[in-house]
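Read the structure below first, then the notes.
Numbering (the numbering used here), first residue to last: 2 to 209.
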């Protein structure tokens, strides 16, 4: 299933509920995000909630040290359930050799369109017979969605939770470059933060 909705509408809450159901039925889950920034954000948001529910989670990205990667891999297929990881949140590092679940049940990808076809297929191939949940904040016309995600059932969250700040999205061309640079500088001077996401043609993470 693909869940489509604006940033802040509650897609991650839906994913968390799905993870909870999977784990409580004895299965493990993977959540893959396209960037380390987003993977870290998901982990920082979800790990405290999952921990309170008795669910063990870990973060696996290209920046994870070799020693920690080894511990995570071992914990993913630990025979002892008390030592076994229930959820691994990460980037395409989840596709690395040796990263295998012992009892996979749910694969979640965030911003799926930002992964290559081979990357998406690789995660599902490594975790056969699992349920698949896809999340996207990018508006997709229904006709295009049927072409891109024809094998997925579609759900759309079309309203925001009470109290959410309105999200504004703007598309500008190169003629706005100077104004955009000044806008970024103004926000940073005011103490705000800015991050720029660029599409990667080739894989950017090199696994050791």
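Backbone N, C-alpha and C define an ideal beta-carbon position, used for all residues, glycine too. Everything numeric in this text was worked out from a predicted model, so none of it was measured.
Alpha carbon of residue i to alpha carbon of residue j, nearest angstrom
i           : j           : result
residue 88  : residue 33  : 11 angstroms
residue 40  : residue 63  : 11 angstroms
residue 196 : residue 37  : 12 angstroms
residue 189 : residue 183 : 10 angstroms
residue 131 : residue 31  : 10 angstroms
residue 69  : residue 179 : 43 angstroms
residue 56  : residue 80  : 16 angstroms
residue 165 : residue 49  : 21 angstroms
residue 25  : residue 54  : 10 angstroms
residue 83  : residue 66  : 24 angstroms
residue 78  : residue 199 : 34 angstroms
residue 167 : residue 45  : 23 angstroms
residue 47  : residue 136 : 15 angstroms
residue 169 : residue 153 : 28 angstroms
residue 187 : residue 138 : 26 angstroms
residue 174 : residue 194 : 22 angstroms
Inter-residue CB distance, residue i and residue j (contact presumed, cutoff 8 angstroms)
i           : j           : result
residue 6   : residue 109 : With a Cβ gap of about 15 angstroms, residue 6 and residue 109 do not count as contacting.
residue 100 : residue 71  : Actually they are not in contact, since the Cβ atoms of residue 100 and residue 71 sit about 11 angstroms apart, beyond 8 angstroms.
residue 27  : residue 104 : 7 angstroms
residue 11  : residue 162 : 6 angstroms
residue 13  : residue 43  : 7 angstroms
Exposure label - residue i; buried when at least 16 CB within 10 Å
i           : result
residue 58  : buried
residue 102 : buried
residue 16  : buried
residue 51  : buried
residue 185 : exposed
residue 176 : exposed
residue 181 : exposed
residue 96  : buried
residue 29  : buried
Residue i vs residue j beta-carbon contact at 7 angstroms
i           : j           : result
residue 106 : residue 23  : yes
residue 86  : residue 94  : no
residue 8   : residue 156 : no
residue 2   : residue 134 : yes
residue 20  : residue 60  : no
residue 112 : residue 35  : yes
Problem - Inside the segment 12-67 only - beta strand (DSSP E) runs reaching at least 3 residues - result: Listed in chain order, the complete beta strand (DSSP E) runs (minimum 3 residues) inside the segment 12-67 are 29-33 and 58-61.
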